[in-house]
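Asker: The sequence shown runs -22 to -1, 1 to 547 under mature numbering (1 follows the signal peptide of the UniProt record, and there is no 0).
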Amino acid sequence: MRLFLRALVLLAGLWPALPAFAAELVFRDGFETSLRPATRGEAARFLTQATFGPSDSTVDALAASDYAAWIQAQTALPPSFVLPYMRTQAGIGNPLEPIPFHYFRQAWFVRVLDAPDQLRQRVAFALSEILVVSERGNALGNDGLALGAYYDILLRNALGNYRQLLEDVTLSPAMGRYLSMYRNRKPDPANNIQSDENYAREVMQLFSIGLVKLNRDGTPVLVNGQTVPTYDGDVVRGFARVFTGWACHCGPGQPCPADPFPVEPFTCSTEHEMVPYENYHDQGEKRVLDGVVLPAGVTARAELEHALDILFQHPNVAPFVSRQLIQRLVTSNPSPAYVERVASVFENNGQGVRGDLAATVAAILLDREARTPQPDSAAFGKVREPLLRLTALWRAFDVMWENDELFPNDREIHETHNQSPLFSPSVFNFFSPAYAPGGALADAGKVAPEMQIITASFAISLANDVSNRVFWGYRGGPMDEFDDRVRLIQLQRWEQALRPAAGENEAPAGAVDRLLDRCAELLLGGRISPALRSRIRSRVLALPADEPLRRVQNAIYLMATSPEFAVQR
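(1) Identify the continuous alpha helix (DSSP H) that holds M537 and give its terminal residues.
(2) Which ranges would you report for the alpha helix (DSSP H) in the region 364 to 446 if only whole runs of at least 4 residues count?
(3) Using the C-alpha atoms, what's the distance from N532 back to D146?
(4) According to DSSP, simplified to helix, strand and coil, what is R471?
(5) Out of P73, P456, V299 and W372, which one is the CA nearest neighbour of residue 551?
(6) Is DSSP giving L(-20) helix, strand or coil here?
(7) DSSP on L272, reduced to helix/strand/coil?
(8) Exposed or buried, what is M(-22) when buried is set at 16 or more other beta-carbons lying within 10 Å of its beta-carbon?
(9) Flag this pair as touching only if the region 386 to 403 and the region 361 to 369 have three or more C-beta atom pairs under 8 Å; answer yes or no.
(10) For the putative contact between G454 and V464, defined by C-beta atoms under 8 Å, what is the C-beta separation to the nearest angstrom?
(11) Output the boundary residues of the alpha helix (DSSP H) element that contains C497.
(12) Assuming contact is defined by CB atoms lying nearer than 7 Å, are L133 and P57 in contact in what I supplied?
(13) So which of N442, V214, S410 and W86 has the shortest CA-CA distance to I431?
(14) Would you identify the three-state DSSP class for L286, choosing helix, strand or coil?
(15) Got a sec, what are the start and stop residues for the alpha helix (DSSP H) L13 sits in?
(16) Taking the alpha helix (DSSP H) that R23 falls in, what are its first and last residues?
(17) List, from N- to C-terminal side, the alpha helix (DSSP H) runs of 4 residues or more that fit wholly inside the region 161 to 213.
(18) Counting along the chain, where does the alpha helix (DSSP H) carrying D458 start and finish?
(19) With C-beta atoms as the reference, is A422 less than 7 Å away from P415?
(20) Alpha carbon to alpha carbon, how far is G115 from M537? Give it in angstroms, no decimals.
(21) Tell me the DSSP secondary structure of Q546 in three-state form.
(22) Of the residues L494, L500 and P526, which one's Cα is nearest the Cα of R513?
(23) Evaluate E393 with the Cβ neighbour count: other Cβ atoms within 10 Å of its Cβ, from every protein chain shown; 16 or more gives buried, anything less gives exposed.
(24) So, helix, strand or coil for W224, using DSSP?
(25) Any idea which residues DSSP pairs S247 with across the strands?
(26) Relative to the C-alpha of M159, which candidate in R141, L137 and H259 has its C-alpha closest?
(27) Expressed to the nearest angstrom, what Euclidean distance is found between the alpha-carbon atoms of D382 and D130?
(28) Helix, strand or coil, according to DSSP, for N139 in the structure here?
(29) Among L501, A340, S313 and N326, which residue has its Cα nearest to the Cα of D195?
(30) Within 10 angstroms of the Cβ of S516, are there 16 or more other Cβ atoms? Answer buried if so, exposed if not.
(31) Of all the alpha helix (DSSP H) runs that stay within the bounds of the region 297 to 340, which reach a length of 4 or more residues?
(32) For V320, which residues of its own chain have a beta-carbon under 7 Å away from its beta-carbon, when the five flanking residues on both sides are left out?
(33) Can you name the residues that DSSP bridges to R265?
(34) Does the count of Cβ pairs from the region 89 to 105 and the region 284 to 295 closer than 8 Å reach three?
(35) Could you check the C-alpha separation between residue 549 and V111 for me, to the nearest Å?
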């Protein structure tokens, strides 16, 4: 409970301010153009925002390069997809053969911990919490094949164009089933059939424009002090008629039936996008967003593309998407100026292209608010998602494993972390981007989305989980001998740094301080408060000097369970 409350206090800015450190940053139009991070801590802080956690090797590489070059190199890397890996691990050659969902979790952990395209992996995870599909949803239970194919759509488009992403998601069989656009029929009053409105509503509310009209800086447009809705029920019904006539594509080599709608007499391909069946598409005139009328007699595909173009061109899309990506990567409460700078890049990447996600993500990470430390800000930063706390710990301390399969506890990670990829309880994700816990944050008009899944009991269980991984789940430790599926941190080099040199009775003076410095670089971006450092140092020095492993473990445990680690600053 104490950890839970202190994390809230820290984010609210009521915890003692962290010390600032030197930053040699040069900005042009609000975006950072300096050659490289000024310190290893700054490099680690950047990688905390842009990857699943810094490691010594990635910090070294970035420190020898510069932010823009790193982003450019990451963007050029090919995607490390999950579905081919899943098929290999499951021993499946038939592209239509089902794959249990646990192979997706296994593939996800392997990719986020070890894949070189870390920026793409990190953005894809962020997108999975905006354009939500879940194994717990409609007709997707244990369907690893459909969900792996969906996640590969996010990976393929994570640094591509949002318009293409929107279309690929719309036509995904996983999304079609999840939000019931799959085999959605045109209205037929004689048979009491109405077009399903589910996808039509969510593609607007959650995937593109939101509920109210926005200024470019993400603040709501006000008329007589009131917000202005972006759409009403008639618009939803119009779009519902647009999204009719789509069904699964049949498998490779199979003859596609003329009419799969009454009953689908073939095995669906969950990798291929859904295909149109014109007999079930409503070809009547439709009124959609902002009074736009779609003419009658248009095919299902042409009308769908027109409708998505209308959504994509809406002025809300840039601030709506930009703000949520900032929240997932950098800070829960970006200033309106930050949102506007990023939204302007979403609208035009400098070459006249709208929706360029690579340029948008670069703008998010290189913005002055992201790169300039703000130790005294009451609003800057974000609570780390439970999965990101775990991946940060593992990557910081050189995670390794012998068997790609997941240990049972990690295979059911949602039971200990209240979160698992593609496993949210609803289309509204694990938490709302507008969620604000009570108290100081709500009173200040600020949000902390991740706090929606962090209860008092969970805060305790998470600390216990860290304890197990640090004191048991290390290479050469009890779990190493117990099961080769366990992900292990490697502490040998950290322990060696605290051992006396040959012929000496004790470790070099300052070895403990150097240990704390290095841990703080990787876990806290080099920004540790004097109070926390003093407490950890006292505890480590109270342990026998001839037990360097215990000293290392205590330092890591205390830092990784601190409020300063719980909040990404």
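All C-beta atoms in this analysis are idealised placements derived from N, C-alpha and C, irrespective of residue type, glycine included. From a predicted model like this one, the values you see are computed outputs, not experimental measurements.
Answerer: According to the data block:
(1) P526 to A538
(2) As far as the region 364 to 446 is concerned, its whole alpha helix (DSSP H) runs of at least 4 residues are 364 to 374, 386 to 389, 392 to 395 and 418 to 421.
(3) Near 47 Å, if we compare the C-alpha coordinates of N532 and D146.
(4) helix
(5) Outside the displayed span of the chain (-22 to 547) sits residue 551, for which this structure offers no information.
(6) Any reading at L(-20) must be qualified, since the residue scores a pLDDT of 42, below 50, and its modelled position is unreliable; the value itself is stated next. DSSP places L(-20) in helix when its eight states are reduced to three.
(7) L272: strand per DSSP, three-state reduction.
(8) Because the pLDDT of M(-22) is 40, which lies under 50, any placement of that residue in the model is unreliable, and the number read from its coordinates should be weighed accordingly. The residue in question, M(-22), is exposed, as its Cβ has fewer than 16 Cβ neighbours within 10 Å.
(9) In short, these stretches touch, since the Cβ pair count reaches three.
(10) Their Cβ separation, rounded to whole angstroms, is 12 Å, which puts G454 and V464 out of contact at 8 Å.
(11) A489 to L502
(12) yes
(13) S410
(14) helix
(15) Element bounds for L13: n/a, residue is neither H nor E.
(16) R23 -> alpha helix (DSSP H) spans R18 to A28.
(17) 176 to 183
(18) P456 to F460
(19) no
(20) Going from the Cα of M537 to the Cα of G115 covers about 37 Å.
(21) In the three-state reduction of the DSSP assignment, Q546 falls in the strand class, which pools E and B.
(22) L494
(23) exposed
(24) Of the three classes helix, strand and coil, the one that applies to W224 here is strand, per DSSP.
(25) H227
(26) H259
(27) 19 Å
(28) strand
(29) S313
(30) exposed
(31) The DSSP assignment places complete alpha helix (DSSP H) segments of no fewer than 4 residues inside the region 297 to 340 at 314 to 325, in order along the chain.
(32) S300, I304, T338, A341, I342 and D345
(33) V271
(34) no
(35) The question about residue 549 has no answer here: the residues shown for the chain are numbered -22 through 547.
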